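K.L.:
There's a structure below that I have some questions on.
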């Protein structure tokens, strides 16, 4: 999830849930297509059915289009999701 609630703060989080028990890796990648900034967030959870990235935020958010991609991998395969936000 990617949020820009007009408070000049861009924040996001990522989670996997309902997976077969095992080691799950989760990776979040936040970037601007213009290349102005990118950040990576990683976590792994052993013997688990879910895994969560720490919620992050930064203020003031740099204006422009932002994209946040979260990918998870573990027992039974992989999954990914993405979100976009425009900061005026």
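Residue numbers (the working numbering): 43 to 130.
Note that CB positions come from ideal geometry on N, CA and C, so glycine has one too.
Just so it is clear, the structure is predicted and the values come from calculations on it, not from any experiment.
#1: Note down the Cα distance separating residue 107 from residue 47, rounded to an integer number of angstroms.
#2: Count the other CB atoms, across all protein chains shown, that sit within 10 Å of the CB of residue 79; report buried if there are 16 or more and exposed otherwise.
#3: Please name the residue, chosen from 127, 130, 122, that lies closest to residue 69 on a Cα-to-Cα basis.
#4: Use the C-beta contact count for residue 65: other C-beta atoms within 10 angstroms, 16 or more gives buried, fewer gives exposed.
#5: Suppose the cutoff is 7 angstroms on Cβ atoms and the five residues either side in sequence are ignored; what does the same chain contact list for residue 102 look like?
P.N.:
From the atom records:
#1: As a first step, residue 107 is located in the chain shown; it is residue number 65 there, counting from the start. As a first step, residue 47 is located in the chain shown; it is residue number 5 there, counting from the start. The alpha-carbon atoms of residue 107 and residue 47 are separated by roughly 14 angstroms.
#2: As a position in the chain shown, residue 79 is number 37, starting the count at 1. With fewer than 16 other Cβ atoms within 10 Å, it is exposed.
#3: Locating residue 69 in the chain shown gives position 27, where the first residue counts as 1. Residue 69 has its Cα closest to that of 122, out of 127, 130, 122.
#4: Stepping through the chain shown from its first residue, residue 65 is reached at position 23. Counting Cβ neighbours within 10 Å, residue 65 comes out exposed, since fewer than 16 surround it.
#5: In the chain shown, residue 102 corresponds to position 60, counting from 1. Counting only Cβ-Cβ distances below 7 angstroms, and skipping sequence neighbours, we find 50.
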